[in-house]
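**Student:** Just so you know, UniProt numbering puts the end of the sequence shown at 78, numbered straight through with nothing missing. Note that beta-carbon positions come from the ideal geometry of N, C-alpha and C, so glycine has one too. As the structure is a computational prediction, the values presented were derived from the model and not from experiment. Here it is, the structure in full.
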Amino acid sequence: MLWLFIQGPTISPVFCKRDGRVAADYYAIVICVPKKALYKSVQQLRAIGGSGVLVSPLTYIFDEETPRWGDLLAKLGL
């Protein structure tokens, strides 16, 4: 079972320069899983084609919205 971070995984394009052009041919994904599920989660990611799996310990989780974030969303009309 994969635990998704707060409202889901973070998926970001990875930009590479190829033949003088910038392309987003790869994507990075950030997920949070309990330590006990780490190995199984890595196996699942590899089974669907994931590579270059990096593991970092989770030190902090800020699950509350900060005032600055709320202000930014309001200014953007979101």
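1. Would you identify the three-state DSSP class for Tyr39, choosing helix, strand or coil?
2. In the DSSP assignment, what are the bridge partners of Arg21?
3. Could you pull the DSSP bridge partners for Pro13 from this structure?
4. In whole angstroms, give me the CA-to-CA distance for Glu65 and Ala74.
5. Straight-line CA distance for Leu78 to Val33?
**Tutor:** In short, the structure shows the following:
1. The sequence position of residue 39 within the sequence shown is 39, counting from 1. In the structure shown, Tyr39 sits in a helix (DSSP, three-state: H, G or I).
2. On the sequence shown, position 21 is the one that residue 21 refers to. Answer is Arg18.
3. Numbered from 1 along the sequence shown, position 13 holds the residue referred to as residue 13. Answer is Tyr27.
4. Taking the first residue of the sequence shown as position 1, residue 65 is located at position 65. Taking the first residue of the sequence shown as position 1, residue 74 is located at position 74. In a straight line, the C-alpha of Glu65 is about 13 Å away from that of Ala74.
5. By one-based count along the sequence shown, residue 78 stands at place 78. By one-based count along the sequence shown, residue 33 stands at place 33. Going by the C-alpha atoms only, they are around 29 Å apart.
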